[in-house]
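Residue numbers (our numbering), protein chains in the order written: chain S, -14 to 98; chain R, -14 to 98; chain F, -14 to 98; chain U, 54 to 520; chain Z, 54 to 520; chain B, 54 to 520. Even for Gly, the Cβ is constructed at its ideal location relative to N, Cα and C. Notes to accompany the following structure.
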Ligand SMILES: Nc1ncnc2c1ncn2[C@@H]1O[C@H](COP(=O)(O)OP(=O)(O)O)[C@@H](O)[C@H]1O
Ligand SMILES: Nc1ncnc2c1ncn2[C@@H]1O[C@H](COP(=O)(O)OP(=O)(O)O)[C@@H](O)[C@H]1O
Ligand SMILES: Nc1ncnc2c1ncn2[C@@H]1O[C@H](COP(=O)(O)OP(=O)(O)O)[C@@H](O)[C@H]1O
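This is how it looks when you write it as C-alpha cells:
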C-alpha cells in the first residue's frame, strides 16, 4: 500500500478528479496549501508597497492506494493536472504500512479501497 | 516510530481528543480537509442550479508516536470517531524515520513523546 | 529521498524560509494546522464562558529533498524556528519512494529538486 | 415535501387577506378643511424618516444575530430576519394594526382590519373621525401611522430569532412570526398604547421598553426554553451541568449590527413623538448617552468579572442602554439617562451569566438579557427617574413623586410578562405538536444552512466545523 | 502600460469639462420674490434626505454583487461600484442632467450643460424661468434637483456591474460607465420624465421601474451577452449545455446589501415626489409591502421548485418587489401593491431560471431578472392596477380604465427595450473592438482582484479557489 | 489585575460628573415668546437627522479601520471605536461642550459644564440669553446643539484609532479618548467655531476640515510616532529601512465603511448649517462631487505609480475628497469642488507614500494622510477657491480676493498643527509613562483580540497568521 501525495493547481481539481474516476480511484482527501517551487510568484501591492507573493495557492491531494493502483493513479493525476507550464506540481509516493477503516475496523488492502 | 494519519468527521474531534488523552497521547496536529470516499455527498443548490458536493468536510489528524503507542492510538481514534455510519473515516500508518524537537534539538523516541 | 514534515510557529515562517533559502532549499509546501503539544494553550472566554484553547495555530511545512539535503534542511528549519520556548515545534522525516514532476513526467532525484 | 404543508396556510392567509381587503373600500382620504398642511407635511416627513431608520434596525438585528452565532447557520438566520419582517408587514396590515389601535374593548381592538376602517387622518384631535382613534393625536396620514407602527412590531418579532438561533425549523419560525406580528404583540400594544386597560391606568412607556422589547424578550425566553439548548452547549458533568462557549463567527458583522441598531434607535425613540416637536432633541440626547453609558457599564463589569473587557458583552451593553432608556427617553434628565443606561449595562452582563450558568437556558445572542431584562428595568426606571420638567408626565420616586407611578409601571411589567409567557408557551408547544419546532440532531450538526436552505454562507472559505 | 491609454480619455474629459464650466457663469440664484420659503426649506430637506438614502443604495448594490460572486473578484466589484458612481457624478453633471431635463427636442435636451444654464429655482411653476423646465414643478434649488437625479442615474449605471461581474476589464467598465451616465440613461429619462415624446403620451412611471431599472437591466443583459459566460459556468455535454452553480462567497454581505437597498428605496420612491407632501406616506407603505410580498413570492416558488427556500432567490425576491412597485407606488392601493410585489417575486425566480437554463446567459447576481423583467412588470402593472383615487392618474384595466394606459405603458416598455439593446450592443461591441471587454482566461481564473488590482480581498483567510 | 487601575479613574470621573450634574438645576426650557415654532421644528428635524447621519460615520470608521488591518486585531479596533464614542459622549457632555461653546476667554470656554448653564434655546439671535452664546445663531434646542456637536467631536476622536491600530493597549486608548473629547478637540473648536481668537480673525472652516479632521489627523500622527511601527512593518536592510506591506484582511468591509462615511458626510457638511435653509442643496452637491473627484484622482495616480488601480488607495481617495471639501463646501462652486476633491485624491496617495517610505511612520489605515494632509489642503483651498456668490464669505485668491483669506487660513492650519502636536506628544508620552502605551511584543504577535479581549473575531475560519 502506498500513500500518494500530489500538489496541483487549484483550478485543476475537477479535471484530476475526473481522471481519477476514470482510473477507478474514488477515494481521496484534499487540503489547501501554499506552495513554493520553480514557479515564480507574482507581485501584489498594497497601498503602494510591493508584496512578493511566492507562496502560491495549491491543492494537496492525499490518496491511499493498493500497489496495483499506484501507477494508474499517478498517470491519472498527471493527465488531469498537466498544462505543461511551470507550477503544474509534483507527485510524491510514500510507503503505507497499515490502513484501518474506522467504521468497520477492517484493515489493509480492503480498507484502502 | 510511526506517523499516524487519520481522517475523521469534524464534529468527532472532541471525542477523539478525549479518547487519545485517556490513551496518554497528548500530542497531535490537526488540519482541515475535504474528503471523498464511500460516503455519498449531499446536494446543495444555488439559484436553482444543483451542486453535487462530494468533497465533504473532514479533519486530518497527524500523530507521531513510538511503536508501543501505535496500537493504543489507533484504538483510541476508532473509539472516539466511530459512529458506524459511512463517512467515519480512515487511519493510515506510515513509517517515521527521524523526529527532531526544534526547541531542544532532541531526536528520536524522546522527541516524539 | 525523504519527505520532511515540520510544524512551526506561524510567525516564524519568514525566518524559516530565509534559512532554507540560504541552505539552497527552494521548494516547499505549507499548510495551516492546529497543534497540540507540550505547549499549554491559552484561555479565551466568550460571553463569560471560558474556552480552553489547546489546539494552537501552527504551520505545517512539507519539503521533499534528496538524501544529501536532509541534514541541511533540518538544520535550517531549526535555526529559523527555534526560540527556545515551548511550542517551537517538531520535525519529522519520512521515507519517500517516488517523486514525479507533473509538468515533465521526470522522476526521482531530478524531480525533487 | 409533505412536511411543507404549513406553507399552504400562509398562502391561504395571504390570498384571503388580499381578496377580502380588495373588496373593502380603499381610497385616499380627502383632506378635511382646517388642517395645518405645513404641520402635517413636516410631521409626515419626520414620521417617515424615523420609521425608515427603525426599519433599518432589521439589518442590525440580522447582523448581530448572524455574527454572534456560527457560520454554518448564517443563511438561516438572515432568512429568518428577512422573512419575519416580510410576513409581519402583511400580518400587521391585515389584523395587527386593527387589534392595536382600532376601536374595540380594553383588551384589544376589534375593527379596522386591512387598514380599511373609516379614517380622516391627517385630521387630528377633535377633528379626527374614524376607527383608529387611539392614534388620533398624530397629525399624519393613516399609512404613515401604519408604517411607523409596523416597524416597531417587526422589531419585537425579530428579537425572538436570536434566542432560537441554530436549531429552529424554518417553517415553524415562519408560523410563529405570523402569530406574534398579527396577535401577541398588537394586544400588548393595545393595552399600553392603544387605549387599553394599562393605558387607562397611566403606564408610561414612551417608545416601548415594555411594549416592544420586553414582549420580544419574553417570547424569546419561551422559545429558548421550549427548544432546549444547542447541542454541545451544556455538558453534564455528573450531577452538575457546565456551560460551554460556542463563539460567534463574525464579530465585525455583529459590531456593525450594533452600530446600525444604535443608529436606528434615533428613529425608534425620537420618532415616537410622531411629530416634529422640539422635544425630539432631548430624546435623541438621552437615547445616545444612555447607550454610551450602557456600553461603559457592560465593559467595566465584564472587565471586573472576566479580567478582560469582553467585546460581545460590551456590544450587548450598548443595546442594553438603548433598551433601558426607551421607556423613559422623554421623561428623564440626561443625568438620569446616564444612570439608567449604566445600570442596564450591568444588568445585561449579569443576566447573560444568570441565564447561562444558573438556569442553563441557551440564548445565543443574549436576546432575553438585552430585551426582556433591560426592558423591565427601563420600564421601572420611569417610575424612579421621571421628572415633571421633562415631557410633563409627573415625577418618579427619586424626584418626589412617590411610589404610585412605580407601582403602575410594575403592574405593566408583570402583566406583560404573564401574557407573553402564557402566549409563548402555548404557541411554541402548539407549533411543536403540529409541525415540530426543532430540527433533527443531524441537521443541527451539519448546520441549518445546508439542511434547511441547501446552501452555504461562505462558499470557498475554509472553516473549522468541529462544533 | 500601453493598454492604459483609455484613461487619458477620462482625464481629458474631466479637464475639459472643468475648464469649460469654470468659464460659465456660476453663482447662486438670488431668490425671486413670492417664494414660499418654508415650503422650499421643507421640500429641500425632504429631497436631500431621500437623495442621500438613494445614494446609500450604492453600498447596497456593491454588497449584493460582492456577496453573490466569488471571493477572488471582490475588490474588483467594489471598485466598479465606487467608480461608476464617481465618474457618473461628473458625467451627469457635465452633460447628463442637461440631456435629461433641459430644453431641447422630443428626443433629448440640448442645453444646460455643466448645470450652468439659466435657472431661478427654487421658483417653481409659472414663476420658474430657466432651461431646466422639465423640473419646474419642484420647488427646490437646482442643485437639489441635480443631486437627486444623479443618484437615480447612478442606480441605473451600477446595476450593470452585477451581470458583468467576474470577467470584465476594469478600464472598459469605466468607459462604459461614462456613456451610460452621460448619455444612454439621460435620453430615456428625457423621454419619460424630461418632457420627451413618451411623457407627452402620458406614460406613468413614478419613480422609474422603466427609466431606472429597466434601463439598467437591459444594458446588463447586453453586457452579459457580449461578454459571454464566466469560465466553467456552462458545461457542454454533447449537444446539450448544462449550467453549473458558481456560489456566492458571502451571503451575509449580500443580505446586508438587500437590507440597505430596501432601506434606500424609501428614498427612491417616496422621494420622487420631490416635495414634502402627505402622499409620501402612501408611497412608503406600498413600497414596503410590495417588497415583503416579493420576498414571500420568491421564497414560496423557490421552495416549490427546489424543495428548499433558497436564500439568494428570496433576497432577489425582495428586490424584485421593490423594482415592481417603483412605477406604481403612488398610483395603486396597498392590496394591489401586495399583488404586484408577489408576482414580481415569482417572475424573478422564473426569469433567473429562464436566463440561466434556457438562454444560457450568465448573470451572476440576477441583475437582468430583477431589474429588467420586474421593471417591465412594474411598468405594465400601472396600466392594470392604477386607481384614480391614488395620485389622481386615472384607472388601470382592473379598475375600469380600459386598455389605453396599459397600451401606453407597453409602448414605453418596448421603446426603452429597443433603445437600450441597440445602445448596449453598439457600446459594448465598440469597447470590445477598441480596448477589449473581457480579461484573459488566465486572469479570470486567478481572479480579477490580483490581476486587475494587484491585491486580495481577504488577505490571510484560507479560501478554496478551485473554481 | 493591578494594571487595570486606570479604570478606577474613569469610574470616578463618571460618578463625579453624574452626581455634580444631578445637583445642577436641569429642566426643560420654557419657550420664550416670539419664537417661530415652525422654523424651530424644521431646523431641529434637520439638525437631528444630519447628526444621526454623522453618528453613523462611527460605523464607517470602525469598518474602514477593521478592514484595512489584520484579522487578529479586529475585535480590538471595533471595541476602540465603540468605546471612544461612548466615553466621548460623556466627556463632551461633562466638559467638552462647555469648553467649546460656552462663555469664557479667547482660548476656551470656562462655563456651562454638564450642559447645565443658563440657556433659553431655541431662542436665537438677539433673543438668546445664556452661556452658550457661540451657538446663539442656531434656533434649535440646546440638546440638539449638544448632540450635533458631540458627533463631530467623536469623529475627531475616532480618527486616531486608525493610525494606532494593532499595537496600542486598550486601557491607554480609553484614557487618551477622554482627553481628546473633553479637552484637546473642544479647545480647537472654541478657537474657530466657539468665538475664540481664530474665529475673530475670520477663519473659514465650514464643517471642520481643520477643526475636526486635522485635529484627528495630527493626533493620529503623534500617536503613530510615539507608538512606533507595527512589528515587521519596516525591515532594516543595512542602513536602509524598507517598508513591508501588511495587507488589510477584509476589503469588502473597508469598502462598506467608505460608503457609510460618504453617506454620513451628507450629515456632516449640509448639517453644519444647523438650519433647514436652501444652501444645503449646494453643500450636498459640492460634497458629493468632491468625493467623486477624490476617488478618481487617487485611482489615476495609483494607476500611474503602481501600474494598477489600487482599491485601498481609491477608497482613501474618496475620503480625501470629502475631507478636502469639508471646509469649503458652502463657499465654493461645483467646479472648484471637483478640483479640490481631485487634488485631495492626489495628495492622499502621495502622503501615504511619503509617510510610509520616507518618514517610516506606520499608519495602517492612512488616517494621517486622509485627515491631516487633506484637512490642511481643504482649509487652504477655501482661501483659494471661495466665491462671494456662495455663502457670502468673500472671494479667495483665484477669484480676485487676494491673499488675505489664504493667510488667515494658513494661520489656522499652523496654530492647530502646533496645538495638536504639542498636546499629542505630551498626552501620549504621559500615558506611556503612567500606564504604558504599547502592548508587549508577544501580545502583538498573537493579536490584540486574544490578548486584550480574550476572543477571536472570526471563530472557526482558517486564517494564516504568519505576520
Ligand atoms: N521539493 C518539494 N517539496 C515540497 N513541495 C514541493 C516540492 N517541489 C514542488 N513542490 C510543490 O509543487 C508545486 C509546484 O512546483 P513547481 O516547481 O512550481 O512546478 P514544476 O514542478 O512544474 O516546476 C509547488 O508550488 C509546491 O507546492
Ligand atoms: N484511499 C483513501 N485515500 C485518502 N483518503 C481516504 C481514502 N479513503 C478514505 N479517505 C478519507 O476518509 C474519509 C471517509 O471515508 P469514507 O469512505 O467516506 O468512509 P468509510 O471509510 O466509513 O466508508 C474520506 O472522506 C476521505 O477523506
Ligand atoms: N507527536 C506529535 N505528533 C504530531 N504533531 C506533533 C507531535 N508533537 C508535536 N507536534 C506538533 O508540534 C507542535 C509543537 O509541539 P510542542 O510540544 O508544543 O513544542 P515543543 O516541541 O517545543 O515542546 C505541536 O503544536 C504540534 O502541532
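Status (buried if at least 16 other CB within 10 Å, exposed otherwise) for residue i
| i | result |
| --- | --- |
| residue 76(F) | buried |
| residue 500(Z) | buried |
| residue 193(U) | buried |
| residue 411(B) | exposed |
| residue 208(B) | buried |
| residue 67(F) | buried |
| residue 357(U) | exposed |
| residue 89(U) | exposed |
| residue 179(B) | exposed |
Beta carbon of residue i nearer than 8 Å to that of residue j
| i | j | result |
| --- | --- | --- |
| residue 106(U) | residue 317(U) | yes |
| residue 502(Z) | residue 277(Z) | no |
| residue -14(F) | residue 81(F) | yes |
| residue 147(Z) | residue 259(Z) | no |
| residue 521(B) | residue 313(B) | Residue 521(B) lies beyond the residue range present for chain B, which begins at 54 and ends at 520; the question has no answer from this structure. |
| residue 430(B) | residue 371(B) | no |
| residue 256(B) | residue 465(B) | yes |
| residue 246(Z) | residue 187(Z) | yes |
Assumed close pair residue i, residue j - CB separation to whole angstroms, cut-off 8 Å
| i | j | result |
| --- | --- | --- |
| residue 15(S) | residue 51(S) | At roughly 20 Å, the Cβ-Cβ gap does not stay under 8 Å, so residue 15(S) and residue 51(S) are not in contact. |
| residue 191(U) | residue 331(Z) | Their Cβ separation, rounded to whole angstroms, is 12 Å, which puts residue 191(U) and residue 331(Z) out of contact at 8 Å. |
| residue -3(F) | residue 65(F) | 6 Å |
| residue 449(U) | residue 436(U) | 5 Å |
| residue 33(S) | residue 409(B) | 7 Å |
In chain order, each alpha helix (DSSP H) run of at least 4 residues that lies wholly inside the region 2 to 70 of chain S: 52 to 66
contact_flag[the region 368 to 381 of chain B, the region 396 to 413 of chain B] where n(CB pairs < 8 Å) is 3 or more: yes
Segment contact flag, the region 507 to 518 of chain Z with the region 291 to 304 of chain B, C-beta cutoff 8 Å, min 3 pairs: yes
Runs of alpha helix (DSSP H) wholly within the region 122 to 154 of chain B (minimum 4 residues, chain order): 127 to 144, 150 to 154
Any 3 or more C-beta pairs closer than 8 Å across the region 332 to 347 of chain Z and the region 138 to 157 of chain U: yes
Three or more C-beta pairs below 8 Å linking the region 268 to 283 of chain Z and the region 203 to 223 of chain Z: yes
Three CB pairs or more closer than 8 Å across the region 442 to 455 of chain U and the region 231 to 249 of chain U: no
Entirely enclosed beta strand (DSSP E) segments - the region 292 to 329 of chain U, minimum 3 residues: 293 to 296
Touching by the beta-carbon criterion (3+ pairs, under 8 Å), the region 278 to 286 of chain B and the region 489 to 499 of chain B: yes
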